[in-house]
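Chains as they are written, first to last, in the working numbering: chain U, 421 to 532; chain S, 8 to 118.
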């Protein structure tokens with residue numbers, strides 16, 4: 421597609437439930453990134469995929485968070501046993517060379 | 008880990024005024040990117056600066072990279088309500104393709 425697509429755009433879930441967030445990067449972009457943005461805060465790095473290399477998971481806040489990227493394209497971020505502090509906007513971005521990311525519009529996650 | 012400090016954190020001005028926002032680092036930048044984020048959207052890349060002392064212009068926006076490559080500024084001339092948004096600076100973490108972001112400057116331009 422022309423841009424990075426994320427779904428759903430909004431998700432409300434009950435504390436303790438699992439959620440899956442999806443990202444469709446720009447076709448041909450080899451790198452894919454997940455960031456989290458809490459209210460009034462900057463972007464917090466979560467995880468980074470580059471081609472067939474092992475992902476950089478150094479930003480994942482706990483083992484409840486995981487992500488995969490299938491076929492070098494679509495990525496899914498999974499949060500297990502959600503907590504209220506997981507409420508945030510989850511942003512996905514892709515790039516071809518690391519110079520200039522293209523971001524999606526994000527998924528706003530609310531844990532109640 | 009490089010820390011990016013952005014100032015001011017918040018800025019509210021009237022249409023037509025000029026403004027400057029800043030991005031400073033604890034160490035030398037390899038390159039620096041500026042993004043603007045509007046409510047409900049992801050950040051959009053405005054410019055990348057690479058060379059110390061570099062100045063880039065994008066219509067009413069002027070981006071400057073410090074000579075020592077430890078600071079950068081964004082100057083907006085004759086601000087308009089459409090300039091409202093969160094301005095973020097970001098730098099590629101040493102040797103990787105992972106961007107580290109500052110916390111941003113939230114700009115509001117009132118008509």
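All C-beta atoms, glycine included, are put in the ideal place defined by N, C-alpha and C.
Asked, Found
"Range covered by the beta strand (DSSP E) that runs through residue 78(S)", "78–83"
"Contact belief for residue 409(U) with residue 426(U) at Cβ below 8 Å, rounded distance in angstroms", "There is simply no residue 409(U) to check, as chain U begins at 421 and stops at 532 in what is shown."
"Burial state of residue 88(S) (16 or more Cβ within 10 Å)", "exposed"
"Residue 46(S) versus residue 465(U) - alpha carbon distance", "20 Å"
"Beta carbon proximity, residue 102(S) to chain U, threshold 8 Å", "no"
"For residue 457(U), the residue or residues it bridges with in DSSP", "463(U), 509(U)"
"CA-to-CA distance, residue 16(S) to residue 27(S), given in whole angstroms", "12 Å"
"As assigned by DSSP and simplified to three states, the class of residue 426(U)", "strand"
"Residue 504(U), DSSP secondary structure in three states", "helix"
"Chain U contact for residue 108(S) (CB, 8 Å cutoff)", "yes"
"Near-chain U residues of the region 34–55 of chain S - C-beta to any C-beta below 9 Å", "38, 40, 42, 44, 47, 48, 49, 50, 51, 52, 55"
"Among 507(U), 520(U), 452(U), nearest to residue 431(U) - alpha-carbon criterion", "507(U)"
"Cutoff 7 Å; reference residue 504(U); Cβ partners in own chain excluding five residues on either side", "435, 531"
"Collapsed DSSP secondary structure at residue 438(U) in the structure displayed", "coil"
"From 117(S), 113(S), 118(S), residue whose alpha carbon lies closest to that of residue 18(S)", "113(S)"
"Contact between the region 89–102 of chain S and the region 42–60 of chain S (3+ Cβ pairs under 8 Å)", "yes"
"Under the three-state DSSP convention, the category residue 444(U) falls into", "strand"
"Cα-Cα separation, residue 439(U) to residue 454(U)", "15 Å"
"Where residue 5(S) meets chain U, residues with beta-carbon distance less than 7 Å", "Nothing in the structure corresponds to residue 5(S), since chain S is present only between 8 and 118."
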